[in-house]
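Numbers given in my numbering equal positions in the sequence shown, counted from 1, plus 2.
In what follows, a structure is listed as structure tokens, so that the remarks can point back to it.
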Amino acid sequence: MVGRQALDAALPGCRHAFVPVLSATSAQATWRHKAGNVGVEHAAPDALRAALSHPRESAAERAEFSRDDLHAWGLAGPRQLQSASQDASLQQNPVRPAALRRRLLCAQLGIGDCDGKQLLRVLNRFSFSRPEVLAALDT
């Protein structure tokens, strides 16, 4: 068990803060990190204060959102095997519309990039509301 799950286990009832990736990305290389490294240690004090002013509770059993919601919002594609011709087209253009929409939504919500499965888990576990997600999708 690592990361936020370990915190939940060690500190029941703790709340989680999310610093947007752009606010937590190093601009310069140091002896410890390359430029572009992402981590809370790179965030400015104002970005940390903003994240800490809106902490989220963890609710592992919550199921507000479903995979059908992600499909309806264009955030996930169908679960099917891709043909060889589709694989070739993906190699030429690896960013698909659903992935781009997820990336934009994740940035708007202040969470890191997620695939469909991760996004569903984060939205449910960290008590994002439907109106909050819909508002982020509209921006």
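Glycine is no exception: its CB is placed at the ideal position from the N, C-alpha and C atoms.
Applying the criterion that 16 or more other CB atoms from any shown protein chain within 10 Å of the CB defines a buried residue, is V124 buried or exposed?
The sequence position of residue 124 within the sequence shown is 122, counting from 1. Per the 10 Å Cβ criterion, buried.
Report all residues from its chain with a CB closer than 6 Å to the CB of S25; omit the five preceding and five following residues, and keep chain order.
Here residue 25 refers to the residue found at position 23 of the sequence shown. The answer, listed in chain order, is A45, A49.
Does the Cβ-Cβ distance between V21 and V42 come in under 7 Å?
As a working note, residue 21 is residue 19 in the sequence shown. As a working note, residue 42 is residue 40 in the sequence shown. If you check the CB distance, V21 and V42 come in under 7 Å.
CA nearest to the CA of P57, picked from G15, L107, P47, A109
Counting from 1 along the sequence shown, the entry for residue 57 is found at position 55. Nearest of G15, L107, P47, A109 to P57, Cα basis: G15.
How many Å lie between P99 and V23 at the Cα?
For this step, residue 99 is matched to residue 97 along the sequence shown. For this step, residue 23 is matched to residue 21 along the sequence shown. Spanning the two alpha carbons is a distance of roughly 20 Å.
What number of angstroms, rounded off, separates the C-alpha of C108 from the C-alpha of D115?
Along the sequence shown, one-based indexing puts residue 108 at 106. Along the sequence shown, one-based indexing puts residue 115 at 113. Their backbone Cα atoms lie some 6 Å apart in a straight line.
Taking only three categories from DSSP, how would you classify R98?
Taking the sequence shown and counting its residues from 1, one reaches residue 98 at position 96. R98: coil per DSSP, three-state reduction.
Once you ignore the five residues that flank A61 on each side, which residues in its own chain have a CB closer than 7 Å to its CB?
On the sequence shown, residue 61 is found 59 positions in, with the first residue counted as 1. So the qualifying residues of the chain are R127, S129.
Quick one, are the C-beta atoms of W75 and L139 less than 7 Å apart?
Working through the sequence shown from its first residue, we reach residue 75 at position 73. Working through the sequence shown from its first residue, we reach residue 139 at position 137. In this structure, L139 lies closer than 7 Å to W75 by Cβ.
To which residues of the same chain is R17 closer than 7 Å at the C-beta, ignoring the five residues directly before and after it?
What you label residue 17 is simply residue 15 of the sequence shown in a count that begins at 1. Contacts found: P57, R58, E59.
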